[in-house]
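The sequence shown begins at 56 in this note's numbering and counts up by one.
In this text, a Cβ means the ideal position worked out from N, Cα and C, and glycines have one as well.
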Amino acid sequence: MVWTWVVLGITIMTFNGIVIRMRKRLRWHEIMATIFFALFVEVLVDTYASFKYKAWGFFKPDAAEFSALFIILGIYPAAAAMIINWYPYRSVWWKKGLYLLAWAVFSTSYEWLTLKVGIMWHHQWSLVHSFFLYPAIYYMLIVYVRFYRWLGLKGPPAES
């Protein structure tokens, strides 16, 4: 149980430290809007996956854990911010695909670690499922950034 909190604490501090220090290629309002969209989708998907389908979840099966908020609010927003901020929007298609694949490899590796230390559990799910689903999830965030821009919502300029 100690390793659970060590891994979680290190991840939260590292991810959020990176986001605070990274050069912002997107405007803050684009990042924040996409984070809120990602959190909305995450809550919907994880609720059904955990409680209805018993596919995966956090900490204890069949329990809504307060501890899951550390993941939902401490890791997911930072990961989403990094993914959309560093995405090569103006590159060729294969670089975009390679970028999403690299995040899928990283995410699947991190998910494996969370399974080993007890942060996550799988019942009717596997790391293979996750690996193939991650690129689609991350691309959905990129599509949302484009949709948000298409709406023409303006905000303060990005920091340099």
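Cβ contact annotation for tyrosine 108 (same chain, cutoff 8 Å, sequence separation greater than five): Gln179, in chain order.
Nearest in C-alpha terms to leucine 208, of all of Val61, Gly72, Met87 and Met56, is Met87. In this chain, the alpha helix (DSSP H) harbouring histidine 84 covers 83–102. Around the beta carbon of methionine 175, 16 or more other beta carbons sit within 10 angstroms, so the residue counts as buried.
By the C-beta criterion, the region 129–141 is judged to be in contact with the region 64–73, since at least 3 inter-stretch pairs fall below 8 Å. Where methionine 195 is concerned, the enclosing alpha helix (DSSP H) starts and stops at 182–205.
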